[in-house]
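Chemist: Residue numbers (my numbering): 591 to 982.
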Amino acid sequence: MFGYGLFPESPKTNPMGPPNTVDTNERPFVLIWEVTQACDLECEHCRADAQPERHPQELSTAAGKALLREAARFDENQLVVLSGGDPLARPDIPELIEYGTDLGLRMTLTPSGTSSLDPAVIDDLDAAGLKRLAVSLDGSSPANHDTFRGEPGTFEQTVTAAEYAGEQGIPLQVNTTVSQSTVDDLPAIADLVEDLGAVLWSVFFLVPIGRGRLLEPVSPERAESVMEWLLDQAAERSFGVKTTEAPHYRRVAIEAERSAAGTPGPDDAIGRRGGVRAGDGFAFVSHTGAVYPSGFLPLAAGSVRESSLVDIYRNSELFQALRDEDRFRGKCGACSYRTVCGGSRSRAYADTGDPFESDPLCPYVPPDYEGDRPEQAVAYDRSGPAVDGHGN
Ligand code: SF4
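Below, the structure is given as structure tokens:
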């Protein structure tokens with residue numbers, strides 16, 4: 591399963607994404623609210639350029655509750671992810687989770703994995719109705735993870751909190767960033783994800799914004815081999831796998847299916863098969879209330895302080911355009927997989943300043959395509975890419 595969010599209803603995930611019963615023209619499958627940018631950590635990849643102190647213009651508790659009431663207008667089961675910064679830098683998180691739960695929302699949380707996530711706090715979150723806890727592990731050992739996170743001790747704190755959450759029966763998700771500095775550690779991290787009893791491993795392919803600009807992304811060919819390896823992990827492990835900002839995982843899955851069946855099939859048989867992407871099944875509200883298609887695509891379509899979130903999602907020009915694959919340019923625009931994939935609009939924007947351009951992380955080149963290519967994209971051999979293996 592691929593896309594961006596947390597999917598509490600499904601311990602073992604669907605490789606083609608969220609159910610097609612969700613009309614992503616009408617509602618996001620995942621709504622992320624960045625409740626604060628305050629955080630004690632200085633992670634190498636931080637999208638938020640997190641700060642030690644809370645911003646004075648953060649949405650207040652009352653404004654946050656108004657936002658949750660708006661979220662419930664999408665659907666009473668709307669999935670809401672409270673993220674940061676470190677959301678636990680705000681003292682009102684249990685109150686907000688309880689409020690959202692009472693509205694029928696599925697409230698989930700992505701804390702930073704600092705000492706703020708102690709057993710008493712986890713108990714409070716559980717009592718408030720938390721549906722899933724998502725922790726970040728960017729290394730399989732203290733040395734790897736703590737270096738990435740910029741703070742000694744965070745590996746132990748994260749693992750201890752994850753184990754405690756598991757003992758309390760709170761479903762666990764593990765988030766991992768893929769970059770040159772983490773990619774070789776992925777097999778050991780996968781072992782750890784399984785040992786922790788996580789229901790879902792969310793694998794984020796770096797988008798170079800915020801402090802993430804300081805990290806080196808993997809090459810398109812390495813990304814391809816990692817995705818093929820992730821497909822195997824999804825089939826073999828006890829947990830589900832999804833990718834973040836790498837929707838071409840769906841193209842890799844379809845090609846693997848066709849290869850296994852020995853029936854390549856016509857490209858026009860691909861259709862539209864689930865999945866979410868920035869602005870299409872996914873929305874992000876910043877700590878000050880600005881509404882973005884994704885936390886990695888810094889183009890605001892409005893503010894919840896001035897407009898209805900539901901209206902911005904359904905009717906803003908930016909969100910509507912991002913849901914129209916015919917607006918895509920370059921090889922993503924020419925690609926028959928664009929309705930199931932469409933590329934990371936965030937990475938296209940980070941690379942070119944145009945969110946409708948091609949995703950430079952994808953090595954696939956559509957047959958007969960002769961237009962411009964992102965610098966790194968190379969001709970793709972459908973018979974099987976000669977990429978360096980990653981555990982397979
Ligand atoms: S070319 Fe674009 S739409 Fe096609 S598979 Fe690659 S990222 Fe997806």
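Even for Gly, the Cβ is constructed at its ideal location relative to N, Cα and C.
What three-state label does DSSP hand L786 in the structure shown?
Modeler: In the structure shown, L786 sits in coil (DSSP, three-state: anything other than H, G, I, E or B).
Chemist: Is the beta carbon of L621 sitting closer than 8 Å to the one on A661?
Modeler: Yes, the Cβ-Cβ distance between L621 and A661 is below 8 Å.
Chemist: Given a threshold of 16 other Cβ atoms within 10 Å of its Cβ, counted over all protein chains shown, does E746 qualify as buried or as exposed?
Modeler: Classification of E746: exposed, given that the 10 Å Cβ count is below 16.
Chemist: Any idea what DSSP makes of Y939, helix, strand or coil?
Modeler: Helix at Y939.
Chemist: Around the ligand SF4, what residues have a beta-carbon under 5 Å from a heavy atom of it, in chain order?
Modeler: Checking every Cβ against the heavy atoms of the ligand SF4 under 5 Å gives H838, R841, K921, C922, C925, Y927, R928, C931, G933, D949, C952 and Y954.
Chemist: With three or more beta-carbon pairs closer than 8 Å as the criterion, would you say the stretch 645-661 touches the stretch 902-920?
Modeler: The stretch 645-661 vs the stretch 902-920: no contact.
Chemist: Buried or exposed for G943, going by 16 or more other Cβ atoms inside 10 Å?
Modeler: Exposed, by the Cβ-count rule.
Chemist: Kindly indicate which residue of H838, G920 and R696 has the alpha-carbon position closest to the one of E811.
Modeler: For the residues H838, G920 and R696, the minimum Cα distance to E811 belongs to H838.
Chemist: Can you name the residues that DSSP bridges to D984?
Modeler: Only positions 591 to 982 of the chain appear in this structure, which leaves residue 984 out of reach.
Chemist: Since F795 and E835 are thought to touch, with beta carbons under 8 Å apart, how far apart are those beta carbons, to the nearest angstrom?
Modeler: Confirmed, Cβ separation roughly 5 Å.
Chemist: For the stretch 721-734 against the stretch 759-766, are there 3 or more C-beta pairs whose distance is under 8 Å?
Modeler: Short answer: they touch.
Chemist: Three or more C-beta pairs closer than 8 Å, one from the stretch 711-721 and one from the stretch 693-700: is that the case here?
Modeler: Counting Cβ pairs under 8 Å, three or more are found: they touch.
Chemist: Please list the terminal residues of the continuous alpha helix (DSSP H) segment that includes R904.
Modeler: That run of the alpha helix (DSSP H) goes L899 to N905.
Chemist: When DSSP labels each residue in this structure, what does Y954 get in the three-state scheme?
Modeler: Coil at Y954, not helix or strand.
Chemist: Name the residue from P777, S936 and V900 whose alpha carbon lies nearest to the alpha carbon of V866.
Modeler: Of P777, S936 and V900, the residue nearest in Cα terms is S936.
Chemist: If you draw a straight line from the C-alpha of D665 to the C-alpha of A679, how long is it?
Modeler: Their backbone Cα atoms lie some 28 Å apart in a straight line.
Chemist: If I measure Cβ to Cβ from A868 and keep anything under 7 Å in the same chain, skipping five residues before and after, which residues do I get?
Modeler: For A868, where only same-chain residues beyond five positions count, the Cβ hits under 7 Å are P883, S884, L887, L912, R935 and S936.
Chemist: When DSSP labels each residue in this structure, what does P856 get in the three-state scheme?
Modeler: Note that P856 scores 48 on pLDDT, short of 50, meaning its location in the model is unreliable and no value can be drawn from it.
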